[in-house]
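Counting in this note's numbering, the sequence shown runs from 585 upward without gaps. Glycine included, C-beta positions come from ideal geometry on N, C-alpha and C. Given the structure is predicted, the values throughout are model-derived calculations rather than measurements.
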Amino acid sequence: MSDEARQKAINDWLPVTASRKAKWWYSAFHNITAMVGAGVLTLPYAMSKMGWGPGVTVLLLSWIITLFTLWQMVEMHEMVPGVRFDRYHELGQHAFGKKLGLYIICPQQLLVEVGTCIAYMVTGGKSLQKIQETLWPHWKGLRTSYWIIIFASVNFVLCQCPNFNSISAVSFAAAVMSIGYSTIAWVASLKRGVLPDVDYSYSAHSIPDGVFNFMLAMGEVAFSYAGHNVVLEIQATIPSTPDNPSKKAMWKGVVVAYIGVAFCYLPVAFIGYYVYGNSVEDNILITLERPTWLIAAANIFVIVHVIGGYQVFSMPVFDMIETFLVKQMKLPPSLILRLVARTGFVGLHCAWGVVDGTSSNRLIETNHSSIQAL
């Protein structure tokens with residue numbers, strides 16, 4: 585087999601470039617799944633740290649700026665005639681050089697994607713635990729670490745899906761669920777009504793305190809607009825011809841996705857803050873508390889979403905791992921290779937999530953014991 589034929593065979597096997605049959609609506613729900621995460625539930629809390637004027641301004645500007653930067657990335661996917669930048673680091677290599685681009689982009693992309701996957705692993709486990717505590721409060725239940733392992737078992741199976749297009753159904757379900765729990769958050773808050781003693785006053789006691797609160801809120805908003813790091817990989821799954829480049833279908837999907845983002849983010853942020861004011865928790869579902877069935881349903885929606893989100897964010901990482909194994913290590917592309925690599929990846933995340941979840945619980949228990957001692 586010639587080197588060119590071998591490279592084509594490898595590209596046809598790697599998860600990002602294996603299938604280029606995606607429709608424009610695939611990009612819509614992939615982008616919703618990647619962007620509308622559990623971070624939307626923290627937006628009322630971010631509003632409480634900024635107040636009405638700065639809060640509304642920051643949220644609207646973030647929506648506009650991130651949409652513009654996403655449009656730029658969509659346009660750059662095929663800005664060189666005859667070349668598709670299927671991966672984020674390929675665009676970086678075009679901009680900074682073959683080696684420097686790789687060194688600049690890959691660590692940052694891996695940091696975001698691996699970190700998000702770990703966060704989703706912990707979130708999924710804790711949401712399972714929250715359902716048990718809500719519906720069966722008298723049952724002692726399992727430790728958080730066991731719930732994380734149960735959540736990970738689903739990802740052990742789904743991570744074997746070979747490419748982006750093969751997780752379309754999972755991603756679609758995740759997108760629907762993310763819109764679902766966002767809707768629950770703002771509709772339930774609106775139905776509850778404004779608290780009698782609601783307070784919108786500026787809560788900072790000093791200038792440093794105010795600056796810290798504002799930066800914290802900015803971080804919450806920035807985190808909720810994640811998702812750009814998988815845009816090129818999503819666009820790589822869309823077919824492209826000179827007469828009908830992929831950017832047309834991709835942009836249509838992005839616009840639909842951002843309408844969904846606005847529908848989720850703005851009502852949750854504004855209504856949540858309007859109803860609860862400065863008393864809102866950092867997760868608006870915690871502030872709601874009742875009815876129990878609604879809180880349980882919202883947590884089920886969160887679980888389905890983070891399952892799909894885990895697949896979307898892990899697929900580019902699988903592509904990097906498998907590219908290294910077959911191109912650098914010269915291992916033959918095979919089902920066994922994929923099984924071992926992906927199972928190991930999820931296993932490491934599960935272990936990290938268990939450690940993180942256990943450490944958090946121990947910290948809470950220690951603080952609780954200290955308070956009781958006082």
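Fill in: Rounded straight-line distance, which links the Cα of P746 to that of I732
24 Å
Practice prompt. For A589, count neighbouring Cβ atoms within 10 angstroms of its own Cβ and tell me buried if that reaches 16, exposed if not.
Written response: exposed
Fill in: Proximity below 7 Å, CB of A753 to CB of H889
no
Worksheet item: Helix, strand or coil: which one does DSSP assign to Y784?
Response: coil
Worksheet item: So what does DSSP say about A810, is it helix, strand or coil?
Response: coil
Worksheet item: With distances taken between CB atoms, is the gap from V805 to A622 smaller than 7 Å?
Response: no
Fill in: As assigned by DSSP and simplified to three states, the class of R776
helix
Worksheet item: On the three-state DSSP scale, how would you describe G937?
Response: helix
Worksheet item: Which class does D903 belong to by DSSP, given the choice of helix, strand or coil?
Response: helix
Fill in: Burial state of Q713 (16 or more Cβ within 10 Å)
buried
Worksheet item: How would you label Y849, buried or exposed, when you count the other beta carbons within 10 angstroms and need 16 or more for buried?
Response: buried
Practice prompt. Measuring alpha carbon to alpha carbon, tell me which of V814, V852 and F847 ends up nearest M834.
Written response: V814
Worksheet item: Hey, quick one: how far does the alpha helix (DSSP H) through E717 stretch, first residue to last?
Response: K682 to L719
Discussion item. Counting beta carbon pairs with one atom in the stretch 879 to 889 and one in the stretch 759 to 775, are three or more of them shorter than 8 Å?
Written reply: yes
Worksheet item: For T626, which option in L800, Q656 and I648 has the closest C-alpha, if you only look at C-alpha atoms?
Response: L800
Worksheet item: In chain order, what residues of the same chain have a beta carbon less than 7 Å from the beta carbon of I689, not counting five sequence neighbours either side?
Response: Y672, H673 and G676
Worksheet item: For Y784, does the count of other Cβ atoms within 10 angstroms reach 16, so buried, or fall short, so exposed?
Response: exposed
Worksheet item: Three-state secondary structure (DSSP) at S750?
Response: helix
Fill in: Neighbourhood of N595 by C-beta, 7 Å cutoff - its chain only, sequence neighbours within 5 removed
T601
Practice prompt. Kindly indicate which three-state DSSP category T626 falls into: helix, strand or coil?
Written response: helix
Worksheet item: Where does A820 fall in DSSP's three states?
Response: coil
Worksheet item: Who are the near neighbours of A846 in its chain, counting only those whose CB is closer than 8 Å to its CB and skipping five residues on each side?
Response: W647
Item to complete: Look at M660 and G811 and say whether their C-beta atoms are less than 7 Å apart.
Response: no
Worksheet item: Is the number of C-beta pairs between the stretch 604 to 611 and the stretch 820 to 831 that are closer than 8 Å three or more?
Response: yes
Fill in: Presumed contact (8 Å Cβ cut-off) between Y610 and G893, rounded CB distance
With a Cβ gap of about 15 Å, Y610 and G893 do not count as contacting.
Discussion item. Does L704 pass the burial test, meaning 16 or more other C-beta atoms within 10 Å, or should it be called exposed?
Written reply: Correcting the residue identity first, residue 704 is Tyr in this sequence and not Leu. It is buried - the Cβ of Y704 has at least 16 other Cβ atoms within 10 Å.
Worksheet item: So is I955 buried or exposed if we call it buried at 16+ other beta carbons inside 10 Å?
Response: Bear in mind that the predicted position of I955 carries a pLDDT of just 29, short of 50, making it too unreliable to give a figure here.
Discussion item. According to DSSP, simplified to helix, strand and coil, what is N970?
Written reply: Look at the range of the chain in this structure, 585 to 958, and you will see that residue 970 is not part of it.
Practice prompt. For P851, name the three-state secondary structure that DSSP assigns.
Written response: helix
Worksheet item: Exposed or buried, what is H722 when buried is set at 16 or more other beta-carbons lying within 10 Å of its beta-carbon?
Response: exposed
Item to complete: Compare the Cα-Cα distances from V778 to each of N828, L694, V852 and Y860 and report the closest residue.
Response: Y860
Practice prompt. Would you give the residue range spanned by the alpha helix (DSSP H) that E662 belongs to?
Written response: Where E662 is concerned, there is no enclosing alpha helix (DSSP H), given that its DSSP letter is neither H nor E.
Worksheet item: Hey, L598 and E906: beta-carbon distance below 7 Å or not?
Response: yes
Fill in: C-alpha gap between G928 and C743, whole angstroms
11 Å
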